[in-house]
Amino acid sequence: MRISIFIPGLAVVVAATPSPLAHELQTRQDFPSEPATITFFGYPDNCDTTGCYCSPEGCQVAYNCQNPGGSFRNFVPGGDGSWGNPLSMAFTAGGSYEECGIVYLPYLQKYGILDDSCSVCEQDHLDVWVESACSDEADNVCQCENTLTPDGQQYVEIIILSSYKSVLELTRFV
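Counting from 23, one number per residue, gives the positions in the sequence shown under our numbering.
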């Protein structure tokens, strides 16, 4: 909105600019939100019937996704939850989630990237990576996972990258 007032000898232009918070709330409303079960996983959980995907060099995830900042993750789980470096998350294909999709978790106030598969997850279930390594005590990692897991379902905002021509096009929304 732009308001112009003309007073002889003086011109005043006032531009109303929305706050960054208002912009964030407006753009987040553009994405669907749905309930999901949220759990956490670390290196002790990164195993299935074909073996474990952690070594002393580190763990691996199923998909080599691209961060919104442009860099590839190189099959390495991690992230700090920011838009440019979202947390690794595991999911079961189907439903609203897709490989390398981005979600926002209001419960954590963090972004996640769907870069791993979860064989024990049911539909509408996301498993968030807990930074851990094979050198960590497995019981401590599992205790951390359990402490972080909320009771009941949490709302997840789904931002599906394939709906956009590029990550840069999507960046204008966030």
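For every residue, glycine included, the Cβ atom is placed at its ideal position computed from N, Cα and C.
Could you give the distance in angstroms between the alpha-carbon of residue i and the alpha-carbon of residue j?
{"i": "Leu47", "j": "Glu167", "result": "Confidence in Leu47 is poor, its pLDDT being 40 and thus under 50, which makes the residue's placement too unreliable to answer from."}
{"i": "Val98", "j": "Cys140", "result": "16 Å"}
{"i": "Cys143", "j": "Ala115", "result": "10 Å"}
{"i": "Cys81", "j": "Tyr65", "result": "7 Å"}
{"i": "Thr171", "j": "Phe63", "result": "10 Å"}
{"i": "Asn96", "j": "Val125", "result": "20 Å"}
{"i": "Gln165", "j": "Asp158", "result": "12 Å"}
{"i": "Gly106", "j": "Gly92", "result": "8 Å"}
{"i": "Asp138", "j": "Asp161", "result": "22 Å"}
{"i": "Glu121", "j": "Gln88", "result": "11 Å"}
{"i": "Ile180", "j": "Gln145", "result": "14 Å"}
{"i": "Tyr129", "j": "Ser118", "result": "19 Å"}
{"i": "Tyr85", "j": "Gln176", "result": "25 Å"}
{"i": "Pro54", "j": "Val83", "result": "26 Å"}
{"i": "Gly123", "j": "Asp102", "result": "16 Å"}
{"i": "Ala44", "j": "Ile60", "result": "Residue confidence for Ala44 is low, a pLDDT of 40 falling below 50, so the modelled location carries little weight; the figure read from the coordinates is stated next. In a straight line, the C-alpha of Ala44 is about 27 Å away from that of Ile60."}
{"i": "Thr169", "j": "Pro90", "result": "29 Å"}
{"i": "Ala58", "j": "Phe94", "result": "27 Å"}
{"i": "Ala112", "j": "Leu127", "result": "14 Å"}
{"i": "Gly100", "j": "Ser110", "result": "5 Å"}
{"i": "Thr49", "j": "Gly174", "result": "With a pLDDT of only 47 at Thr49, under the threshold of 50, the placement of this residue in the model should not be trusted, and no figure is reported."}
{"i": "Ser104", "j": "Asp67", "result": "24 Å"}
{"i": "Ser154", "j": "Pro108", "result": "16 Å"}
Residues bridged to residue i by DSSP?
{"i": "Leu109", "result": "Gly134"}
{"i": "Ala58", "result": "Gln176"}
{"i": "Val150", "result": "Phe62, Met111"}
{"i": "Gln88", "result": "Phe94"}
{"i": "Ser139", "result": "Phe113"}
{"i": "Tyr126", "result": "Tyr133, Glu179"}
Check for me: the alpha helix (DSSP H) holding residue i runs from which residue to which?
{"i": "Ala115", "result": "Neither: Ala115 is in no alpha helix (DSSP H) and is coded neither H nor E."}
If you follow the beta strand (DSSP E) that residue i is part of, which residue opens it and which one closes it?
{"i": "Val163", "result": "Val163 -> not in any beta strand (DSSP E); alpha helix (DSSP H) instead, spanning 160 to 170."}
Taking 7 Å as the line, does the beta carbon of residue i fall inside it for any heavy atom of the ligand ADP?
{"i": "Ala160", "result": "Absence of the ligand ADP from the depicted structure is noted, as is the absence of any ligand whatsoever, leaving it without description."}
My understanding is that residue i touches residue j, with C-beta atoms under 8 Å, so please give their C-beta distance in whole angstroms.
{"i": "Val178", "j": "Glu56", "result": "6 Å"}
- [ ] Report yes or no: do the segment 126 to 135 and the segment 144 to 154 share at least 3 C-beta pairs separated by less than 8 Å?
- [x] Contact between the segment 126 to 135 and the segment 144 to 154 is present, because at least three Cβ pairs lie under 8 Å.
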